[in-house]
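Asker:
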Amino acid sequence: MSILRAKYKVRHSWLHDDLPSKASPIWKAIESVKNLIIKGACYLIGDGATINVWLDPWVPWLQNFIPKPQQEVYADCPMMVSMLIDNATNHWKVGLINEIFEPASAQAILALPIPQRRRPDKLIWIPDAKGVFSVKSVYRANHNFNITTPLNEAQWKGLWKIKTTKRIRIFLWRMATNSLPTKDILNQRFETFNPSCVLCGNELESICHLFFTCPIAKAVWFESCWGFKTDSQNVQSSCDIIKLILAPPPTTTTSDVESCTYAAKLALNSALPLCFNKENLPEVILFACVVDSQL
1 MSILRAKYKV
11 RHSWLHDDLP
21 SKASPIWKAI
31 ESVKNLIIKG
41 ACYLIGDGAT
51 INVWLDPWVP
61 WLQNFIPKPQ
71 QEVYADCPMM
81 VSMLIDNATN
91 HWKVGLINEI
101 FEPASAQAIL
111 ALPIPQRRRP
121 DKLIWIPDAK
131 GVFSVKSVYR
141 ANHNFNITTP
151 LNEAQWKGLW
161 KIKTTKRIRI
171 FLWRMATNSL
181 PTKDILNQRF
191 ETFNPSCVLC
201 GNELESICHL
211 FFTCPIAKAV
221 WFESCWGFKT
231 DSQNVQSSCD
241 IIKLILAPPP
251 TTTTSDVESC
261 TYAAKLALNS
271 ALPLCFNKEN
281 LPEVILFACV
291 VDSQL
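Taking the UniProt record's numbering, the leading residue of the sequence shown gets 1, the next gets one more, and so forth.
This is the structure we're talking about:
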């Protein structure tokens, strides 16, 4: 790796440089994940001599870690971070920074500490507490980057306040963040699974399908304490299921909500053995579920 760093100058504008025409297969593979690395790589200021103000990521609180200029014309002028530091006092040049950067960027820059002893600038990995880049930290960061849910703050608080066991609340949280081991999610990571629903075998086994639109799930909901048809509910995602649990039909009670969350977890626990042991539902039960779901 040290040889690769020396050859391709990793510490010198690597993030925004093009792939060398004679790059080795190993380096081409590294280059292929550059877009992911850019999401978490940021420079730790040493002396600021090698950090380009407008091209390199160096302000961790800003989008893409790059500050924005007051006027676009400023971005056309090459500038290094060292030019923003007063060598006599070892402090930021406050007046200059407020002049050329927009207020939010200027405030973020002025909050950055300047080391008392000058040292070389260092590219670090923000998602890791120690700034160390590793395969494990990249995997976790990539997972976090891809998590998006339409739940608002009040709904998240409501989820954690549901009167049920801690295990069920964690189960619902995993449902909301698409972290349950359905075949759809497993197939995205390993690409070795037949993604069809293990219960009905007809559609992609997503969280929404397994717990709501699968014929067997429909039968469970219809025979449950709530006794309603899933087709009457506008459920398009796993978060919609959470919203339904947080704001159930008017006739339900707190105990009903708890019973239904237990039923959902039981459905997953029943599906996993079927998936990995290749067992099948008895024909009588499968037929009854299909008939009930159509009532």
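Don't be surprised by glycine CBs; every beta carbon is placed ideally from N, CA and C. If you're wondering where the values come from, they're calculated on a predicted model, not measured in any experiment.
1. Helix, strand or coil for Leu-204, going by three-state DSSP, please let me know.
2. Which first and last residues belong to the beta strand (DSSP E) in which Trp-125 is found?
3. Taking just the CA atoms, how far does Ser-206 sit from residue 304?
4. What number of angstroms, rounded off, separates the C-alpha of Asn-64 from the C-alpha of Pro-57?
5. Could you check the C-alpha separation between Lys-136 and Phe-222 for me, to the nearest Å?
6. Hey, would you say Leu-112 sits closer than 8 Å to Ile-242, going by beta carbons?
7. Tell me which same chain residues have a C-beta within less than 8 Å of the C-beta of Gln-155, skipping the five on either side of it?
8. Which runs of the alpha helix (DSSP H) at least 4 residues long sit entirely within the region 66–106? Give them in chain order.
9. So, Ala-108 versus Ile-97, is the Cβ gap smaller than 8 Å?
10. Going by Cα to Cα distance, which pick from Pro-60, Cys-77, Val-33 is closest to Asp-128?
11. For Pro-195 and Gly-131, I'd like the C-alpha separation in whole angstroms.
12. Please check the pair Leu-55 and Lys-34, which I expect to be a contact at CB under 8 Å, by giving their CB distance rounded to whole angstroms.
Answerer: Let's see:
1. The residue you call residue 204 lines up with position 204 of the sequence shown. Leu-204: strand per DSSP, three-state reduction.
2. On the sequence shown, residue 125 is found 125 positions in, with the first residue counted as 1. Per DSSP, Trp-125 belongs to the beta strand (DSSP E) from 122–125.
3. Residue 304 lies beyond the residue range present for the chain, which begins at 1 and ends at 295; the question has no answer from this structure.
4. Taking the first residue of the sequence shown as 1, we reach residue 64 at position 64. Taking the first residue of the sequence shown as 1, we reach residue 57 at position 57. Between Asn-64 and Pro-57, the C-alpha separation is close to 7 Å.
5. Taking the sequence shown and counting its residues from 1, one reaches residue 136 at position 136. Taking the sequence shown and counting its residues from 1, one reaches residue 222 at position 222. The straight-line gap from Cα to Cα measures roughly 43 Å.
6. One-based indexing of the sequence shown puts residue 112 at position 112. One-based indexing of the sequence shown puts residue 242 at position 242. Going by C-beta atoms, Leu-112 is not nearer than 8 Å to Ile-242.
7. Counted from its first residue, the sequence shown places residue 155 at position 155. These residues qualify, in order along the chain: Ile-242, Lys-243, Leu-246.
8. 72–75, 94–100
9. In the sequence shown, residue 108 corresponds to position 108, counting from 1. In the sequence shown, residue 97 corresponds to position 97, counting from 1. Not closer than 8 Å, so no.
10. If you number the sequence shown from 1, residue 128 lands on position 128. It is Pro-60 whose Cα lies nearest to the Cα of Asp-128.
11. Indexing the sequence shown from 1 puts residue 195 at position 195. Indexing the sequence shown from 1 puts residue 131 at position 131. So the alpha carbons of these two residues sit roughly 37 Å apart.
12. Residue 55 sits at position 55 when you count from the first residue of the sequence shown. Residue 34 sits at position 34 when you count from the first residue of the sequence shown. Not quite, the Cβ-Cβ distance comes to about 14 Å (not below 8 Å), so this is no contact.
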